[in-house]
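**Student:** Got a structure here, written out as structure tokens. Questions coming.
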Amino acid sequence: QDSRWCGVGEREGRVFSSLVAQRHFGLSHGMGRSGDITEPQPKAAGSSVLVKLTLLMVLDALRRGSGLDAKGPAAHGVLLPLCTGMSMALFLGSIRPTSNPEKNIVLWSRIDQKSCFKAILSAGLVCVVVPTKIEGDEVITDMEAMESELQKHGDRVLAVITTTSCFAPRVPDAVDKVARLCKESNVFHVINNAYGLQCAKTTKLINRACVVGRVDAIVCSTDKNFLVPVGGAIIISPNKQVIQTVGKVYAGRASSSPIVDLFITLLSMGLNGYKRLLKERTTMLETFPKKLHAIAEKHGERLLVCPSNTISFGVTLDTLARSKNVDETDEEYTKAVGKEISSFGAMLFSRCVSGTRVVPRGELKNIGGQDFHGFGSSTDNYKHAYMTAACAIGVSSREVEEFFVRLDKTLAEFSSKKKKKADNCD
1 QDSRWCGVGE
11 REGRVFSSLV
21 AQRHFGLSHG
31 MGRSGDITEP
41 QPKAAGSSVL
51 VKLTLLMVLD
61 ALRRGSGLDA
71 KGPAAHGVLL
81 PLCTGMSMAL
91 FLGSIRPTSN
101 PEKNIVLWSR
111 IDQKSCFKAI
121 LSAGLVCVVV
131 PTKIEGDEVI
141 TDMEAMESEL
151 QKHGDRVLAV
161 ITTTSCFAPR
171 VPDAVDKVAR
181 LCKESNVFHV
191 INNAYGLQCA
201 KTTKLINRAC
211 VVGRVDAIVC
221 STDKNFLVPV
231 GGAIIISPNK
241 QVIQTVGKVY
251 AGRASSSPIV
261 DLFITLLSMG
271 LNGYKRLLKE
281 RTTMLETFPK
291 KLHAIAEKHG
301 ERLLVCPSNT
311 ISFGVTLDTL
321 ARSKNVDETD
331 EEYTKAVGKE
341 ISSFGAMLFS
351 RCVSGTRVVP
361 RGELKNIGGQ
371 DFHGFGSSTD
381 NYKHAYMTAA
391 CAIGVSSREV
401 EEFFVRLDKT
411 LAEFSSKKKK
421 KADNCD
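This note's numbering numbers the first residue of the sequence shown as 1 and each following residue consecutively.
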């Protein structure tokens with residue numbers, strides 16, 4: 001603390017450990033004030049300026065790097081030292097009406113990621129899961145089901161949550177069509193775009209949604225898009241009032257650590273560095289699915305055809321399932337095979353492959369009292385067991401090539417073990 005000041009408050013930015021003080025660059029007061037996270041803190045001029053500069057740099061990166069419209073989705077924003085899910089909960093809390101407690105239903109186009117569902121419950125709202133539908137290999141938005149739920153719940157619907165970054169075979173929601181529907185129905189529309197800033201196709205979709213209909217907020221992760229440690233998010237909006245309201249709902253001051261990390265990273269990266277990372281990912285996309293397809297075909301599997309998702313790619317794992325025993329019920333067989341296929345994911349992890357997801361058929365998961373059948377695939381009855389891998393920003397060609405080698409070996413080893421086990425049973 002500056003020796004000119006006499007701090008007689010209960011906090012005063014006092015830090016016992018010199019190592020902790022160095023780690024935080026002396027910015028111990030955090031960001032915001034108890035009434036508004038976006039307000040400057042008189043005792044913390046440095047971090048207040050830093051937070052404002054970081055926001056401006058992020059918005060610039062979204063506009064000139066990711067391609068979001070400066071007069072649309074990237075018009076206004078607020079940085080939060082929270083994960084994407086908690087940022088979503090904060091936004092939902094900011095729009096919750098105090099005068100009409102019955103207006104408490106959020107329609108959520110199903111996506112099997114726990115965070116968003118928990119965010120709705122954390123905000124004290126009721127989640128109505130809108131089913132998806134299958135078209136080819138893709139799991140897509142069911143607009144008829146969305147319209148039906150809007151009509152069914154009427155004035156009780158507060159908001160609709162859609163998703164534009166997801167694991168294959170789920171593809172980005174038809175947010176432009178949902179935006180039109182929300183505008184007609186006069187309900188809030190928030191887009192979960194956790195890691196979609198790296199995808200030009202997704203940003204164009206969001207731009208279009210803001211033009212043709214209603215989009216109140218887009219929630220994005222800082223770590224997944226800008227290669228910083230976990231713990232930050234940005235909420236952007238075409239509406240300045242929405243952002244101001246979110247800032248006022250945050251209770252207390254906040255840690256500025258995630259924003260400091262982002263500030264340092266953006267200065268180190270620069271706009272050209274960010275654009276280069278986006279271009280490198282796009283270049284990798286030219287070969288990533290082709291090589292994945294070749295390995296899948298070699299082992300009797302195939303690449304799931306999901307052209308609307310250019311980040312996550314799926315490969316069937318149907319040949320990994322053994323034949324059903326005569327004395328097994330369907331339920332017993334599904335459960336046993338599910339465990340066996342899930343063990344393939346464990347094999348990959350034990351070979352130092354992280355980030356893949358292995359999804360068996362018929363998985364049942366209960367979250368907050370809600371049953372999700374076929375959990376992992378975002379639909380009740382997906383026709384394949386499968387695994388996913390992502391071609392995401394920051395991944396190196398060395399990592400990708402090594403992943404293909406290890407995936408090939410692991411598939412071969414799994415098949416060999418399966419054959420030996422079957423021979424022993426015979």
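No residue lacks a Cβ here, since even glycine has one placed at the ideal position from N, Cα and C.
Between which two residues does the beta strand (DSSP E) harbouring E434 extend?
**Tutor:** Missing from the structure shown is residue 434; the chain here goes from 1 to 426 and no further.
**Student:** Rank K204, N225 and G77 by C-alpha distance to the C-alpha of A217 and give the top, closest one.
**Tutor:** Residue G77 is the option with its Cα nearest to A217.
**Student:** Under 8 Å by Cβ, that's how I've got P172 and L205 pegged, so tell me the actual separation to the nearest angstrom.
**Tutor:** Confirmed, about 6 Å.
**Student:** Going by other Cβ atoms of all chains shown within 10 Å of its Cβ, with 16 needed for buried, is D223 buried or exposed?
**Tutor:** Looking at its Cβ environment, which holds 16 or more other Cβ atoms inside 10 Å, D223 is buried.
**Student:** Does the separation of the CB atoms of S237 and G196 fall below 8 Å?
**Tutor:** Going by C-beta atoms, S237 is not nearer than 8 Å to G196.
**Student:** Since G374 and Y386 are thought to touch, with beta carbons under 8 Å apart, how far apart are those beta carbons, to the nearest angstrom?
**Tutor:** At roughly 12 Å, the Cβ-Cβ gap does not stay under 8 Å, so G374 and Y386 are not in contact.
**Student:** For the candidate residues S99, D69 and Q113, whose alpha-carbon lies nearest to that of T379?
**Tutor:** Out of S99, D69 and Q113, Q113 has the C-alpha closest to the C-alpha of T379.
**Student:** Given S185, which residues of its chain have a CB within under 8 Å of its CB, disregarding the five upstream and five downstream residues?
**Tutor:** Answer for S185: L150 and V157, listed in chain order.
**Student:** Express the C-alpha separation of N192 and A233 in angstroms, rounding to a whole number.
**Tutor:** About 11 Å.
**Student:** Examine the Cβ distances between the region 68-75 and the region 265-282 and report whether three or more of them are shorter than 8 Å.
**Tutor:** Verdict: no, contact absent.
**Student:** Quick one: give me the first and last residue of the beta strand (DSSP E) that K298 is part of.
**Tutor:** Where K298 is concerned, there is no enclosing beta strand (DSSP E), although the alpha helix (DSSP H) it sits in stretches over F288 to K298.
**Student:** For D261, report the span of its beta strand (DSSP E) as first-last.
**Tutor:** Run containing D261: none in the beta strand (DSSP E); it sits in the alpha helix (DSSP H), S257 to L285.
**Student:** Less than 8 Å between C-beta atoms, sequence neighbours within five positions excluded: which residues of the same chain meet that for F319?
**Tutor:** Looking at the sequence itself, residue 319 is Thr, so the reference to Phe does not match. So the qualifying residues of the chain are H299, G300, E301 and S415.
**Student:** In or out: R170 buried (at least 16 other Cβ within 10 Å) or exposed?
**Tutor:** The residue in question, R170, is buried, as its Cβ has 16 or more Cβ neighbours within 10 Å.
**Student:** To the nearest whole angstrom, what separates the beta carbons of L271 and A61, a pair I think is in contact under 8 Å?
**Tutor:** Confirmed, Cβ separation roughly 6 Å.
**Student:** Going by C-alpha distance, which of G338, K417, F263 and Y274 is nearest F25?
**Tutor:** Ranking the options by Cα distance to F25, first place goes to F263.
**Student:** Excluding the five sequence neighbours on either side, which residues of its own chain have a C-beta within less than 7 Å of the C-beta of S255, listed in chain order?
**Tutor:** Around S255: G30 and P81.
**Student:** Three or more C-beta pairs under 8 Å: does that hold for the region 139-155 against the region 124-131?
**Tutor:** Verdict: yes, contact present.
**Student:** Short of 6 Å in beta carbon distance, which residues of its chain neighbour V427, apart from the five on each side in sequence? Order them along the chain.
**Tutor:** Nothing in the structure corresponds to residue 427, since the chain is present only between 1 and 426.
**Student:** Can you list the beta strand (DSSP E) stretches of 3 or more residues lying completely in the region 358-409, in chain order?
**Tutor:** Counting whole runs of 3 or more residues, the region 358-409 contains the beta strand (DSSP E) stretches 364-367, 370-373 and 386-390.
**Student:** Quick check: the Cα distance between V395 and E401, rounded to an integer number of angstroms?
**Tutor:** Roughly 11 Å between the two C-alpha positions.
**Student:** Look up R33 in the DSSP assignment and give the residues it is bridged to.
**Tutor:** According to DSSP, R33 bridges with D36.
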